[in-house]
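One structure below.
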Amino acid sequence: MTALDHPLTWAAPRPLWRAAGQPGLTPAILRFAQDDFADQLLGAMDTDPGALAAFVARHETWRTPPGETARPDLAQRVPLPAPVKANHRFMLRGKTPAPVAPEVPDAPLLKLYQPAHQRHYVATATLACATSGLPDRKLRGSHESVGMLLRRLMPSTAEGSDLVEYAWIPGDEPRWQRVSDSDPSVLAPGEEMLPVFPISHREGETIRRKTWGGNIPVGKRDDYIAAPVVREAVSLVEGQKAALSPAAPAASANSTQARLSEFRMDVAEPWKAMIRVIYKEAEELRIDTEGDPAEKQATLRKRNYQLQMQSWLLLLDFGHFLQRHIANVAARLGSGSTAGLSTGERNLLEWLDSTPVQTRLQNGMSTPGKTYAASMRDALNRVLQSGVAETLEAVETDYVPGSTGTEWPAFHYLLAGIGSVGEGGSIGLDGPFKHLPGLPVVEADNDGVEVAQFSSPLTGAISAAEEQAKLVDRISVLVGRALPVSTEETARPLPFAERLSKVMLETADDEGLFCIRFAHCNCDCGPLHPPTVSQPTERFRMASFFDPDAPAREIKIMLPRDTSPAGLRKHARGTAFVMSNMLCGQVQRAKGLGLIDLIRQVLPWPLHKDIDVGAGGGCKDGEVDIGMICSLSIPIVTLCALILLMIIVKLLDFIFKWVPWLIACFPLPNFTAKGGSS
């Protein structure tokens, strides 16, 4: 019988066998608290393989460290002559290896931390022939390969049941695929095999052994948790057959979800954000009974002109959406009957046409040469006229009262604004979103065609503003019902947040458990000789970046020592900020603002005063547009960032109550700004 005829098996790393008293079949996870973990591992295996037991991972937190300071530094940092190294190994070989630390009863589950926490984990195992003595099995050619499998433990059904293993399938749409129903020690089709590396070590002075190790990618934890789950098992044989005779791709299911998500992202959510902001400003103006009506009217007029620019852009995006996805409605915006439209298309067009003339928003919005659109249908038709989109995209100034340039559309129409009657009377939030007669409140289905009417935990004015913003969700319902059902092959992909939300709902009760298996594959073998897969490692969780138990990586940031004008002037300004002409103009306007201007901008009436920055525009030198390259002192910028951080932290403490846990300072005697080394 040749070595190739021997059955294979995976076992625990050989250096742990002496410590355990007998060979084990479970791969071991080693834990390292240094970034030079590879040097530590190779040094231990070369010098004292028996010391490997000290690196076996056990549960730890930053409050309860496992005592890594007692571990020897086995990385070779000083070159030694070969005879000296051999003698050192001989002396260590006679030492009884330390046993693996026993598991503590009822100990918390092993948690692996990220490299950002200065923790690295290497899974290790021995590939052996399944014969007496378990001799090492060497790879015989390129047709053989070994790797590491990351498995996730989840219920077999969404309703919950016993935990089964899921394999990580990378690709354009990475996912977790359930492994075979009957045997988890097999490969799933397309399963990722993480790379492993051989670690040579000596058994005595003549016998060379090999252990396989692989770095556990804890840093990809968020990618793993956010991936969708497929709960139907597919065998490796079925996957091999599919690879040889690939079937035609399955047709996409008919849906409107992707296009409706596009409408929400481009139109509905920005529209709702406008409403939330304007509601507060309108309420402050309304409850100010002592303010001058003329001044209030001038204030709301100025604010409405600012909102008009945003409304034009949202109308433009809405119109382009109709042209792409509801062409029948877009073609009838100018004129035409509803004949030939579906019920959903007809309802949408009729609502666009039925939004009444907003006389309260018109009040104070008069500009020579501009009319107020008669309805939202009229506004959409006008904004889609030739040349309007190009001028809106190219404009560099702000729209303010008195703007009469040809770069602006020749009509007004506010999607949300502050309405009034006469000279500052009957002030309040208004817009076409308030005019939805007869539309029932609905719940969301699985494809998101309908919009759920959820209850808000907010109170007071914030809750009232949210109630107004939620009316836009009902407009999304109209749009969703008007969308023709299709496979959406040309639609924009779903936003990542929406896909993540679906995954989080499907795995809401998941414990986040993982394990590692090692695999040996011989691609020349068929189903009669499937890959050899090891036993699973100890189960573990992967810590998130902000896990409260995670160790803190020690980072020293040396701030400028001499912060006097004489000291700060010595620092080189080697960082260049490149600004366009538009950003240059905005920065120049911001330079003219003072602290009092900023404070009064956020104070309630009558102390409130809007910041007047004019129509804006870019920097110019005569008729030439000018950008800017500014050289900044990074030390000064860093000091400003620190001081602003402290101010913001204290301002927001009334919400988070976090100041007691923000900072702890220790005295540093004789560390002065003047004199001494830096």
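Residue numbers (our numbering): 20 to 697. Here a beta-carbon is modelled for each residue, glycine too, at the ideal position from N, C-alpha and C.
Q) How many angstroms separate the CA atom of residue 303 from the CA atom of residue 296? A) As a first step, residue 303 must be located in the sequence shown, where it is residue number 284. As a first step, residue 296 must be located in the sequence shown, where it is residue number 277. Residue 303 and residue 296: Cα-Cα distance of roughly 11 Å.
Q.
Measuring straight from C-alpha to C-alpha, what distance separates residue 200 and residue 176?
A. Numbered from 1 along the sequence shown, position 181 holds the residue referred to as residue 200. Numbered from 1 along the sequence shown, position 157 holds the residue referred to as residue 176. Approximately 12 Å, taken between the alpha carbons.
Q: Leaving out five residues on either side along the sequence, give the residues of the same chain with a beta carbon under 8 Å from the beta carbon of residue 27.
A: Position 8 of the sequence shown, counted from the start, is the residue given in the question as residue 27. Excluding sequence neighbours, residue 27 sits near 146, 147, 148, 149, 156, 539 and 551.
Q) For the segment 530 to 538 against the segment 161 to 174, are there 3 or more C-beta pairs whose distance is under 8 Å? A) yes
**Q.** residue 647, enclosing beta strand (DSSP E) - first and last residue
**A.** Here residue 647 refers to the residue found at position 628 when the sequence shown is read from its first residue. 647 to 651 is the span of the beta strand (DSSP E), which, as asked, contains residue 647.
Q: Leaving out five residues on either side along the sequence, give the residues of the same chain with a beta carbon under 6 Å from the beta carbon of residue 568.
A: By one-based count along the sequence shown, residue 568 stands at place 549. So the list reads 80, once near-sequence residues are dropped.
(Q) Tell me whether the segment 578 to 585 and the segment 390 to 408 touch, counting them as touching only if at least three CB pairs, one residue from each stretch, are closer than 8 Å. (A) Output reads no: the segment 390 to 408 does not touch the segment 578 to 585.
Q: Answer yes or no: do residue 635 and residue 336 have a C-beta to C-beta separation smaller than 7 Å?
A: On the sequence shown, position 616 is the one that residue 635 refers to. On the sequence shown, position 317 is the one that residue 336 refers to. No; because the gap between Cβ atoms is not below 7 Å, this pair is not in contact.
**Q.** Cut-off 8 Å between Cβ atoms - residues of its own chain near residue 504, not counting five sequence neighbours on either side
**A.** Reading the sequence shown from its first residue, position 485 is the one you call residue 504. Contacts found: 273, 274 and 275.
Q. Buried or exposed: residue 161, going by 16 or more other Cβ atoms within 10 Å of its Cβ?
A. Mapped onto the sequence shown, residue 161 falls at position 142. The residue is exposed, with fewer than 16 neighbouring Cβ atoms inside 10 Å.
Q. Per the contact definition of three or more C-beta pairs closer than 8 Å, is the segment 129 to 141 in contact with the segment 557 to 575?
A. In short, these stretches touch, since the Cβ pair count reaches three.
(Q) Quick check on this structure: which residue in 70, 74, 68 and 62 has the alpha carbon closest to the alpha carbon of residue 99? (A) Here residue 99 refers to the residue found at position 80 when the sequence shown is read from its first residue. Per the C-alpha coordinates, the member of 70, 74, 68 and 62 positioned closest to residue 99 is 62.
Q: Could you please give me the residues that DSSP links to residue 171 through a beta bridge?
A: To locate residue 171, count along the sequence shown from 1; it is residue 152. Beta-bridge pairing links residue 171 to 185 and 533.
Q. If you scan the segment 337 to 415 from start to end, which runs of the alpha helix (DSSP H) of 4 or more residues do you find wholly inside it?
A. 346 to 350, 362 to 373, 378 to 381, 395 to 402 and 407 to 413
Q: Mind checking who residue 684 pairs with in its DSSP beta bridge?
A: Position 665 of the sequence shown, counted from the start, is the residue given in the question as residue 684. Residue 684 is not bridged to any residue.
Q | Cβ-based burial, residue 677 [other Cβ within 10 Å; buried from 16] | A | As a position in the sequence shown, residue 677 is number 658, starting the count at 1. Under this definition residue 677 is an exposed residue.
Q) DSSP state of residue 126, grouped into three classes? A) The residue you call residue 126 lines up with position 107 of the sequence shown. Coil.
Q.
Assuming residue 59 is part of the alpha helix (DSSP H), what are its boundary residues?
A. The residue labelled residue 59 in the question sits at position 40 within the sequence shown. Residues 56 to 66.
Q: May I have the straight-line CA-CA distance separating residue 485 from residue 299, to the nearest angstrom?
A: One-based indexing of the sequence shown puts residue 485 at position 466. One-based indexing of the sequence shown puts residue 299 at position 280. So the alpha carbons of these two residues sit roughly 11 Å apart.
(Q) For a test of the three-state rule: what should DSSP assign to residue 163, helix, strand or coil? (A) Mapped onto the sequence shown, residue 163 falls at position 144. Here residue 163 sits in strand by DSSP.
Q) Helix, strand or coil for residue 772 per DSSP? A) The requested residue 772 does not occur in the structure, where the chain is confined to residues 20 to 697.
**Q.** Neighbourhood of residue 407 by C-beta, 6 Å cutoff - its chain only, sequence neighbours within 5 removed
**A.** As a first step, residue 407 is located in the sequence shown; it is residue number 388 there, counting from the start. Excluding sequence neighbours, residue 407 sits near 428.
Q.
Is it buried or exposed, residue 338, if we count other Cβ atoms within 10 angstroms and call 16 or more buried?
A. Start at 1 with the first residue of the sequence shown, and residue 338 comes out as number 319. Label assigned to residue 338: buried.
Q) Using the C-alpha atoms, what's the distance from residue 674 back to residue 51? A) Your numbering for residue 51 matches position 32 in the sequence shown. Your numbering for residue 674 matches position 655 in the sequence shown. If you take the alpha carbons of residue 51 and residue 674, they lie about 39 Å apart.
Q: If I'm right that residue 447 touches residue 313 with Cβ under 8 Å, what's the distance once you round it to whole angstroms?
A: Walking along the sequence shown from the start, residue 447 turns up at place 428. Walking along the sequence shown from the start, residue 313 turns up at place 294. 18 Å between Cβ atoms; not a contact.
Q: Determine the closest residue to residue 159 out of 341, 542, 686 and 643, with distance taken between C-alpha atoms.
A: Within the sequence shown, the letter at position 140 stands for residue 159. Of the candidates 341, 542, 686 and 643, 542 places its Cα closest to the Cα of residue 159.
Q.
Let's see if you can read the secondary structure: which residues bound the beta strand (DSSP E) around residue 600?
A. Mapped onto the sequence shown, residue 600 falls at position 581. No beta strand (DSSP E) contains residue 600, which is instead part of the alpha helix (DSSP H) from 600 to 610.
(Q) Below 8 Å on the Cβ atoms is my contact criterion, and I expect residue 601 with residue 415 to pass it. Report the Cβ-Cβ distance as a whole number of Å. (A) Walking along the sequence shown from the start, residue 601 turns up at place 582. Walking along the sequence shown from the start, residue 415 turns up at place 396. That pair is a contact at about 5 Å.
Q: Measuring alpha carbon to alpha carbon, tell me which of 139, 687, 576 and 668 ends up nearest residue 680.
A: Here residue 680 refers to the residue found at position 661 of the sequence shown. Comparing Cα-Cα distances from residue 680 to each of 139, 687, 576 and 668, the minimum goes to 668.
**Q.** the segment 594 to 610 contacting the segment 644 to 651, beta-carbon criterion three pairs below 8 Å
**A.** yes
Q | Inter-residue CB distance, residue 570 and residue 138 (contact presumed, cutoff 8 Å) | A | What you label residue 570 is simply residue 551 of the sequence shown in a count that begins at 1. What you label residue 138 is simply residue 119 of the sequence shown in a count that begins at 1. With 8 Å as the limit, residue 570 and residue 138 qualify as a contact, their Cβ atoms being about 7 Å apart.
Q | Residues bridged to residue 434 (per DSSP) | A | If you number the sequence shown from 1, residue 434 lands on position 415. Residue 434 is not bridged to any residue.
Q: Pull up the distance between the alpha-carbon of residue 691 and that of residue 575, whole angstroms please.
A: Counted from its first residue, the sequence shown places residue 691 at position 672. Counted from its first residue, the sequence shown places residue 575 at position 556. The straight-line gap from Cα to Cα measures roughly 18 Å.
Q | 7 Å Cβ shell around residue 592 - same chain, five flanking residues per side excluded | A | Translated into positions along the sequence shown, residue 592 becomes position 573. Excluding residues within five positions, the ones whose Cβ falls inside 7 Å are 650, 651 and 652.
**Q.** Rounded C-alpha distance that separates residue 693 from residue 683
**A.** By one-based count along the sequence shown, residue 693 stands at place 674. By one-based count along the sequence shown, residue 683 stands at place 664. Cα to Cα, the separation comes out at about 25 Å.
Q) Exposed or buried, which one is residue 672 when buried takes at least 16 other CB atoms within 10 Å? A) Working through the sequence shown from its first residue, we reach residue 672 at position 653. The residue is exposed, with fewer than 16 neighbouring Cβ atoms inside 10 Å.
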